[in-house]
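Trainee: Residue numbers (our numbering): 832 to 1081.
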Amino acid sequence: RMKTHVSAYERPPELANNVVPSRSEYPELPQDGVLYYCIQSLFKINLVMDRAFRAILEQVPNAYIVLVEGHISGWSKLLIQRLKNNLGPYYDRIIWTQRRDVDGFLRFLKLADVVLDTFPFNGGNTTFQSLGCGKPLVSLRGEYLVNRATWGIANLMPGNPAGPLMTTSIEDYIAVAVRLGQDPAWRAEISAAIQEGSAHLFDQQAPLEEFVDFLRAAAQGPEHVQPWIGPGPTAEEQPAWTKLWEEAWG
(Lines of atoms letter the chains of each structure in order from A and count residues from 1; the text may use other names and numbers.)
(Lines give C-alpha, C1' and ligand atoms only; values in the text may rest on other atoms or scores of the structure.)
Protein backbone atom coordinates (compact mmCIF):
# COMPACT_ATOMS: atom_id res chain seq x y z
CA ARG A 1 0.00 0.00 0.00
CA MET A 2 1.28 3.45 -0.85
CA LYS A 3 1.59 5.77 2.11
CA THR A 4 0.74 8.72 -0.11
CA HIS A 5 -1.93 9.08 -2.77
CA VAL A 6 -1.56 7.28 -6.09
CA SER A 7 -1.75 10.49 -8.12
CA ALA A 8 0.74 13.30 -8.55
CA TYR A 9 -1.61 15.79 -10.16
CA GLU A 10 -0.24 18.94 -11.76
CA ARG A 11 -2.28 22.04 -11.01
CA PRO A 12 -3.89 23.25 -14.28
CA PRO A 13 -2.89 26.85 -15.09
CA GLU A 14 -6.53 27.89 -15.45
CA LEU A 15 -7.12 27.13 -11.77
CA ALA A 16 -4.59 29.78 -10.83
CA ASN A 17 -6.69 32.31 -12.72
CA ASN A 18 -9.21 33.76 -10.28
CA VAL A 19 -11.33 35.38 -12.98
CA VAL A 20 -14.83 33.89 -12.98
CA PRO A 21 -16.78 34.20 -16.23
CA SER A 22 -20.32 35.49 -16.46
CA ARG A 23 -23.25 33.16 -17.02
CA SER A 24 -24.23 35.42 -19.90
CA GLU A 25 -21.25 34.04 -21.85
CA TYR A 26 -23.03 30.69 -22.02
CA PRO A 27 -26.46 30.95 -23.64
CA GLU A 28 -27.54 27.55 -22.32
CA LEU A 29 -27.23 28.71 -18.69
CA PRO A 30 -30.02 30.56 -16.86
CA GLN A 31 -29.15 33.88 -15.27
CA ASP A 32 -30.69 32.83 -11.96
CA GLY A 33 -30.99 29.56 -10.08
CA VAL A 34 -28.68 26.99 -8.52
CA LEU A 35 -26.42 25.16 -10.97
CA TYR A 36 -25.65 21.55 -10.13
CA TYR A 37 -22.93 20.27 -12.43
CA CYS A 38 -22.61 16.57 -13.20
CA ILE A 39 -20.03 16.94 -15.92
CA GLN A 40 -18.35 13.58 -16.24
CA SER A 41 -18.37 11.03 -19.04
CA LEU A 42 -21.95 9.94 -19.65
CA PHE A 43 -21.21 6.25 -19.14
CA LYS A 44 -20.66 7.07 -15.46
CA ILE A 45 -24.21 8.37 -15.01
CA ASN A 46 -25.75 5.12 -13.88
CA LEU A 47 -29.49 4.53 -13.82
CA VAL A 48 -29.52 4.76 -10.01
CA MET A 49 -28.47 8.43 -10.25
CA ASP A 50 -31.81 9.32 -11.84
CA ARG A 51 -33.40 9.01 -8.40
CA ALA A 52 -30.98 11.58 -7.00
CA PHE A 53 -31.46 13.94 -9.94
CA ARG A 54 -35.25 13.84 -9.58
CA ALA A 55 -35.16 14.36 -5.81
CA ILE A 56 -32.85 17.37 -6.13
CA LEU A 57 -34.98 18.98 -8.82
CA GLU A 58 -38.15 18.31 -6.78
CA GLN A 59 -36.81 19.75 -3.55
CA VAL A 60 -34.85 22.70 -4.95
CA PRO A 61 -37.32 24.45 -7.28
CA ASN A 62 -34.69 26.81 -8.71
CA ALA A 63 -32.16 24.04 -9.38
CA TYR A 64 -30.75 23.08 -12.75
CA ILE A 65 -28.58 20.04 -13.47
CA VAL A 66 -25.90 20.56 -16.11
CA LEU A 67 -24.61 17.64 -18.17
CA VAL A 68 -21.94 17.52 -20.87
CA GLU A 69 -22.68 16.00 -24.26
CA GLY A 70 -21.06 12.63 -24.86
CA HIS A 71 -18.13 12.34 -27.22
CA ILE A 72 -20.21 9.63 -28.90
CA SER A 73 -23.55 11.16 -29.93
CA GLY A 74 -25.43 7.95 -29.30
CA TRP A 75 -24.60 8.14 -25.59
CA SER A 76 -26.34 11.51 -25.31
CA LYS A 77 -29.42 10.28 -27.16
CA LEU A 78 -29.78 7.24 -24.91
CA LEU A 79 -29.37 9.26 -21.73
CA ILE A 80 -31.77 11.97 -22.91
CA GLN A 81 -34.48 9.38 -23.48
CA ARG A 82 -33.85 7.69 -20.15
CA LEU A 83 -33.92 10.94 -18.22
CA LYS A 84 -37.09 12.08 -19.95
CA ASN A 85 -38.74 8.82 -18.90
CA ASN A 86 -37.50 8.91 -15.30
CA LEU A 87 -37.59 12.62 -14.50
CA GLY A 88 -40.90 13.46 -16.15
CA PRO A 89 -41.64 17.20 -15.96
CA TYR A 90 -38.37 17.83 -14.11
CA TYR A 91 -36.41 17.04 -17.26
CA ASP A 92 -37.11 20.65 -18.31
CA ARG A 93 -34.39 21.68 -15.84
CA ILE A 94 -31.71 19.45 -17.32
CA ILE A 95 -29.21 21.55 -19.27
CA TRP A 96 -26.89 20.09 -21.88
CA THR A 97 -23.65 21.84 -22.71
CA GLN A 98 -21.04 21.19 -25.38
CA ARG A 99 -17.69 19.52 -24.86
CA ARG A 100 -14.73 21.88 -24.44
CA ASP A 101 -10.95 21.76 -24.27
CA VAL A 102 -9.38 21.61 -20.81
CA ASP A 103 -9.08 25.36 -20.28
CA GLY A 104 -12.59 25.96 -21.59
CA PHE A 105 -13.92 23.18 -19.38
CA LEU A 106 -12.27 24.62 -16.26
CA ARG A 107 -13.50 28.11 -17.06
CA PHE A 108 -17.04 26.75 -17.42
CA LEU A 109 -16.65 24.75 -14.19
CA LYS A 110 -16.09 27.96 -12.22
CA LEU A 111 -19.77 28.79 -12.65
CA ALA A 112 -21.00 25.68 -10.82
CA ASP A 113 -22.73 26.18 -7.49
CA VAL A 114 -22.56 22.48 -6.61
CA VAL A 115 -20.85 19.53 -8.29
CA LEU A 116 -22.47 16.09 -8.19
CA ASP A 117 -20.03 13.21 -8.23
CA THR A 118 -21.17 10.13 -10.13
CA PHE A 119 -21.82 6.80 -8.45
CA PRO A 120 -21.15 3.93 -8.29
CA PHE A 121 -18.21 5.11 -10.51
CA ASN A 122 -16.63 8.24 -8.97
CA GLY A 123 -14.72 10.95 -10.74
CA GLY A 124 -10.97 11.29 -11.05
CA ASN A 125 -9.90 14.29 -13.11
CA THR A 126 -13.23 15.97 -12.43
CA THR A 127 -12.76 15.52 -8.69
CA PHE A 128 -9.33 17.18 -8.70
CA GLN A 129 -10.61 19.96 -10.94
CA SER A 130 -13.80 20.62 -8.99
CA LEU A 131 -12.08 20.71 -5.62
CA GLY A 132 -9.33 22.81 -7.17
CA CYS A 133 -12.00 25.36 -8.07
CA GLY A 134 -13.28 25.28 -4.50
CA LYS A 135 -16.57 23.69 -5.50
CA PRO A 136 -18.75 21.80 -3.02
CA LEU A 137 -18.54 18.26 -4.39
CA VAL A 138 -21.15 15.75 -3.18
CA SER A 139 -19.96 12.16 -3.38
CA LEU A 140 -21.22 8.71 -2.40
CA ARG A 141 -18.52 6.50 -0.95
CA GLY A 142 -18.76 2.76 -1.54
CA GLU A 143 -16.73 -0.35 -0.93
CA TYR A 144 -14.59 -0.54 -4.08
CA LEU A 145 -11.79 1.59 -5.49
CA VAL A 146 -14.03 3.07 -8.20
CA ASN A 147 -16.40 4.46 -5.57
CA ARG A 148 -13.85 5.54 -2.99
CA ALA A 149 -11.70 7.64 -5.32
CA THR A 150 -13.26 11.01 -4.56
CA TRP A 151 -13.21 10.35 -0.82
CA GLY A 152 -9.52 9.46 -1.05
CA ILE A 153 -8.69 12.57 -3.08
CA ALA A 154 -10.62 14.83 -0.69
CA ASN A 155 -8.69 13.37 2.23
CA LEU A 156 -5.49 14.81 0.77
CA MET A 157 -6.67 18.17 2.08
CA PRO A 158 -5.83 18.71 5.77
CA GLY A 159 -8.91 18.10 7.84
CA ASN A 160 -10.83 17.22 4.64
CA PRO A 161 -13.09 20.29 4.41
CA ALA A 162 -15.20 18.33 1.92
CA GLY A 163 -15.84 15.67 4.57
CA PRO A 164 -19.45 16.73 5.26
CA LEU A 165 -20.18 16.13 1.56
CA MET A 166 -18.78 12.57 1.48
CA THR A 167 -21.92 10.46 2.01
CA THR A 168 -22.48 6.72 2.48
CA SER A 169 -26.06 6.31 1.25
CA ILE A 170 -28.13 7.67 -1.59
CA GLU A 171 -30.52 9.24 0.95
CA ASP A 172 -27.65 11.18 2.54
CA TYR A 173 -26.32 12.11 -0.90
CA ILE A 174 -29.68 13.66 -1.79
CA ALA A 175 -30.02 15.39 1.58
CA VAL A 176 -26.58 17.00 1.37
CA ALA A 177 -27.07 18.07 -2.25
CA VAL A 178 -30.44 19.60 -1.42
CA ARG A 179 -29.07 21.46 1.61
CA LEU A 180 -26.29 22.94 -0.51
CA GLY A 181 -28.92 24.25 -2.90
CA GLN A 182 -31.16 25.64 -0.19
CA ASP A 183 -28.52 27.05 2.17
CA PRO A 184 -26.21 29.45 0.30
CA ALA A 185 -24.40 30.47 3.50
CA TRP A 186 -23.39 26.87 4.22
CA ARG A 187 -22.47 26.39 0.57
CA ALA A 188 -20.19 29.43 0.69
CA GLU A 189 -18.59 28.26 3.93
CA ILE A 190 -17.82 24.80 2.53
CA SER A 191 -16.57 26.29 -0.72
CA ALA A 192 -14.17 28.67 1.03
CA ALA A 193 -12.75 25.85 3.16
CA ILE A 194 -12.24 23.61 0.13
CA GLN A 195 -10.60 26.43 -1.80
CA GLU A 196 -8.19 27.02 1.06
CA GLY A 197 -7.26 23.35 1.33
CA SER A 198 -7.12 22.61 -2.38
CA ALA A 199 -3.44 23.57 -2.75
CA HIS A 200 -2.58 20.23 -1.10
CA LEU A 201 -4.14 18.35 -4.01
CA PHE A 202 -1.61 19.47 -6.60
CA ASP A 203 2.06 19.28 -7.51
CA GLN A 204 2.91 16.72 -4.84
CA GLN A 205 6.20 14.88 -5.43
CA ALA A 206 5.84 12.32 -2.64
CA PRO A 207 3.70 9.87 -4.69
CA LEU A 208 6.27 9.89 -7.49
CA GLU A 209 9.14 9.28 -5.12
CA GLU A 210 7.29 6.49 -3.35
CA PHE A 211 6.39 4.80 -6.63
CA VAL A 212 10.02 4.93 -7.73
CA ASP A 213 11.02 3.28 -4.45
CA PHE A 214 8.41 0.57 -5.04
CA LEU A 215 9.69 -0.15 -8.55
CA ARG A 216 13.25 -0.41 -7.27
CA ALA A 217 12.16 -2.85 -4.56
CA ALA A 218 10.08 -4.89 -7.00
CA ALA A 219 13.02 -5.16 -9.38
CA GLN A 220 14.92 -6.98 -6.65
CA GLY A 221 12.25 -9.65 -6.40
CA PRO A 222 8.71 -10.18 -5.01
CA GLU A 223 10.05 -10.90 -1.53
CA HIS A 224 11.01 -7.22 -1.29
CA VAL A 225 7.42 -6.02 -1.85
CA GLN A 226 4.99 -6.02 1.06
CA PRO A 227 1.44 -7.04 -0.02
CA TRP A 228 -1.46 -5.20 1.55
CA ILE A 229 -5.22 -5.64 1.48
CA GLY A 230 -7.20 -2.57 2.39
CA PRO A 231 -10.22 -2.44 4.70
CA GLY A 232 -13.66 -2.85 3.19
CA PRO A 233 -16.80 -0.94 4.12
CA THR A 234 -17.81 -0.67 7.73
CA ALA A 235 -20.68 -2.73 9.11
CA GLU A 236 -22.84 0.39 8.97
CA GLU A 237 -22.00 1.09 5.34
CA GLN A 238 -22.36 -2.43 3.97
CA PRO A 239 -26.17 -2.97 3.92
CA ALA A 240 -26.99 0.36 2.29
CA TRP A 241 -24.19 0.05 -0.23
CA THR A 242 -25.08 -3.55 -1.16
CA LYS A 243 -28.65 -2.46 -1.83
CA LEU A 244 -27.49 0.46 -3.96
CA TRP A 245 -25.02 -1.69 -5.89
CA GLU A 246 -27.71 -4.26 -6.68
CA GLU A 247 -30.03 -1.50 -7.87
CA ALA A 248 -27.31 -0.01 -10.05
CA TRP A 249 -26.02 -3.18 -11.64
CA GLY A 250 -28.78 -5.72 -11.12
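Yeah, the Cβ is synthetic: ideal placement off N, Cα and C, and Gly gets one too.
Quick caveat: nothing in here was measured; it's all calculated off a predicted structure.
Considering only the alpha carbon of each residue, which of Arg-1018, Thr-949, Tyr-975 and Val-1043 lies closest to Gln-871?
Mentor: Position 40 of the sequence shown, counted from the start, is the residue given in the question as residue 871. Minimum Cα distance to Gln-871 is reached at Thr-949.
Trainee: Could you tell me how far apart the beta carbons of Val-865 and Val-891 are, in whole angstroms, since I believe they sit closer than 8 Å?
Mentor: Numbered from its first residue, the sequence shown carries residue 865 at position 34. Numbered from its first residue, the sequence shown carries residue 891 at position 60. Correct: roughly 6 Å between the Cβ atoms.
Trainee: What are the complete beta strand (DSSP E) segments, minimum 3 residues, inside the stretch 877–957?
Mentor: 894–899, 925–928 and 945–947
Trainee: Apart from the five residues just before and just after Leu-1011, which ones in its own chain have a Cβ nearer than 6 Å to its Cβ?
Mentor: As a first step, residue 1011 must be located in the sequence shown, where it is residue number 180. Once the five neighbours on either side are set aside, the close Cβ partners of Leu-1011 are Val-945, Pro-967 and Arg-1018.
Trainee: Find out if the Cβ-Cβ distance for the pair Leu-987, Leu-846 is shorter than 8 Å.
Mentor: Here residue 987 is taken as the residue at index 156 of the sequence shown, counted from 1. Here residue 846 is taken as the residue at index 15 of the sequence shown, counted from 1. Not in contact: Leu-987 and Leu-846 (Cβ atoms no closer than 8 Å).
Trainee: Cα separation between Asn-956 and Ala-894?
Mentor: On the sequence shown, residue 956 is found 125 positions in, with the first residue counted as 1. On the sequence shown, residue 894 is found 63 positions in, with the first residue counted as 1. Each residue's Cα considered, the two are about 25 Å apart.
Trainee: Rounded to whole angstroms, how far is the Cβ of Leu-996 from the Cβ of Val-1007, which I believe are closer than 8 Å?
Mentor: Position 165 of the sequence shown, counted from the first residue, corresponds to residue 996. Position 176 of the sequence shown, counted from the first residue, corresponds to residue 1007. At roughly 6 Å, the Cβ-Cβ gap stays under 8 Å, so Leu-996 and Val-1007 are in contact.
Trainee: So, at 6 Å on beta carbons, what are the nonlocal neighbours of Val-1056 in its own chain, with the 5 sequence-adjacent residues on each side left out?
Mentor: For this step, residue 1056 is matched to residue 225 along the sequence shown. Contacts found: Ala-1048 and Ala-1049.
Trainee: Compare the Cα-Cα distances from Ser-904 to each of Glu-889, Trp-927 and Arg-885 and report the closest residue.
Mentor: For this step, residue 904 is matched to residue 73 along the sequence shown. Per the Cα distances, Trp-927.
Trainee: From the DSSP output, in three-state form, read off Val-850 for me.
Mentor: In the sequence shown, the residue the question calls residue 850 occupies position 19. Reduced to three states, the DSSP call for Val-850 is coil.
Trainee: Look at the Cβ atom of Arg-885, then the Cβ atom of Asn-917, and state whether they are nearer than 8 Å.
Mentor: Stepping through the sequence shown from its first residue, residue 885 is reached at position 54. Stepping through the sequence shown from its first residue, residue 917 is reached at position 86. Less than 8 Å divides the Cβ of Arg-885 from the Cβ of Asn-917.
Trainee: Who are the Cβ neighbours of Ile-984 in its own chain at under 6 Å, not counting the five residues just before and after it?
Mentor: Here residue 984 refers to the residue found at position 153 when the sequence shown is read from its first residue. For Ile-984, where only same-chain residues beyond five positions count, the Cβ hits under 6 Å are Thr-958.
Trainee: Less than 8 Å separating the beta-carbons of Ala-943 and Tyr-1004?
Mentor: The count along the sequence shown starts at 1 and reaches residue 943 at position 112. The count along the sequence shown starts at 1 and reaches residue 1004 at position 173. No, the pair does not count as a contact, with Cβ atoms beyond the cut-off.
Trainee: Applying the criterion that 16 or more other CB atoms from any shown protein chain within 10 Å of the CB defines a buried residue, is Ala-1016 buried or exposed?
Mentor: Taking the sequence shown and counting its residues from 1, the one referred to as residue 1016 is at position 185. With fewer than 16 other Cβ atoms from the protein chains shown falling within 10 Å of its own Cβ, Ala-1016 counts as exposed.
Trainee: Using 8 Å as the threshold, is the C-beta distance between Trp-982 and Ser-970 below it?
Mentor: For the purposes of this step, residue 982 is taken as the residue at position 151 of the sequence shown. For the purposes of this step, residue 970 is taken as the residue at position 139 of the sequence shown. Yes, these two residues count as a Cβ contact at 8 Å.
Trainee: Between Gln-1051 and Glu-1041, what straight-line distance do the alpha-carbon atoms span, to the nearest angstrom?
Mentor: Counted from its first residue, the sequence shown places residue 1051 at position 220. Counted from its first residue, the sequence shown places residue 1041 at position 210. Roughly 16 Å between the two C-alpha positions.
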